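A short write-up of the structure that comes next.
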Amino acid sequence: MSDGMPRWQAGDPVLLRYVRNSPADVILPVRIVHDTPDVVALYAAVGTPIKVQAKRDGTRLTRETPFVEREGMIGGLADATWTTNHVLMLHQKLHEPDRMSAIWLFWRDLEWTFRGYYANLQAPLRRTPLGFDTADYLRDVEIRPDFSWAWKDEDEWDAALDLGLVAREVLIAAREEGERVIRDIAARAWPFDAGFETWRPDPAWSIPAMPERWADGLVFPE
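Residue numbers (the working numbering): 574 to 795.
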């Protein structure tokens, strides 16, 4: 147990919710791969039903709408499907509040071709009765299979900083976390030295459903 919340077992279906905006940005059913104080690993399967940003009337928002405009429209959630890539999400040392990243590994659907890594800069996972909540901090690091890398979504991070959409100290800390990840890439530190590229999920795992209580604890704008 941790803070009264359960430790999960491999294969358990749980809910991963990104809640920087209200009611949420993404709600994703995943399966537990590993859950210890040092590492939480989650698996997102192609075909999983998800919830994504929407207007208050339920109209889905997409990246075709400019970021700042889109941020002002969020007020609901719409149904969607996790497509294209299977993803293993690695979260390290949840007890250290300055660890503000998850390292994702991507495989293309069907043939399971490894496509690379991705450092998602985010709040440390917070355990809930449903699974885990976090918040996405916009700027990320794309990492190719050959370990070359590039920053991603710098324009959104800059806009959030300029307009005060996220606290300045949080965004700066997220950028510093990205710089730490870049040093880990150069040093081939964990998880870049761990051989996760050959990982595969248990073939008995089905695609998890969206639980009925997916909205527990969320605040919907009036």
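Just so you know, even glycine gets a beta-carbon here, dropped at the ideal spot from N, CA and C. Just so you know, these numbers come straight off a predicted model, no measurement behind them.
- Taking each of PRO774, GLY790, ALA782, PHE793 in turn and checking the Cα distance to LEU615, the smallest one comes out for PRO774.
- If you compare the alpha carbons of PRO596, ARG580, ARG590, GLY620 with that of TRP778, the shortest gap goes to GLY620.
- Judged by DSSP in its simplified three-state form, ALA653 adopts strand.
- Taken in chain order, the complete alpha helix (DSSP H) segments of 4 residues or longer contained in the stretch 702 to 754 are 727 to 736.
- With at least 16 other beta carbons inside 10 angstroms of its own, SER674 counts as buried.
- Assignment of ASP671 by DSSP, reduced to helix, strand and coil, places it in the coil class.
- For MET662, the uninterrupted beta strand (DSSP E) run begins and ends at 658 to 665, by DSSP.
- Taking the CA atoms as reference points, VAL603 sits about 13 angstroms from LYS624.
- For the pair ARG699 and SER595, the Cα-to-Cα distance works out to about 16 angstroms.
- The Cβ-Cβ distance between GLU742 and PRO697 does not fall below 9 angstroms.
- Pairing TRP722 with ILE755 gives a Cβ-Cβ distance under 9 angstroms.
- A distance of 9 angstroms or more separates the beta carbons of ASP671 and ALA733.
- Between GLU684 and PRO718, the C-beta spacing is not below 9 angstroms.
- The three-state secondary structure of VAL641, taken from DSSP, is helix.
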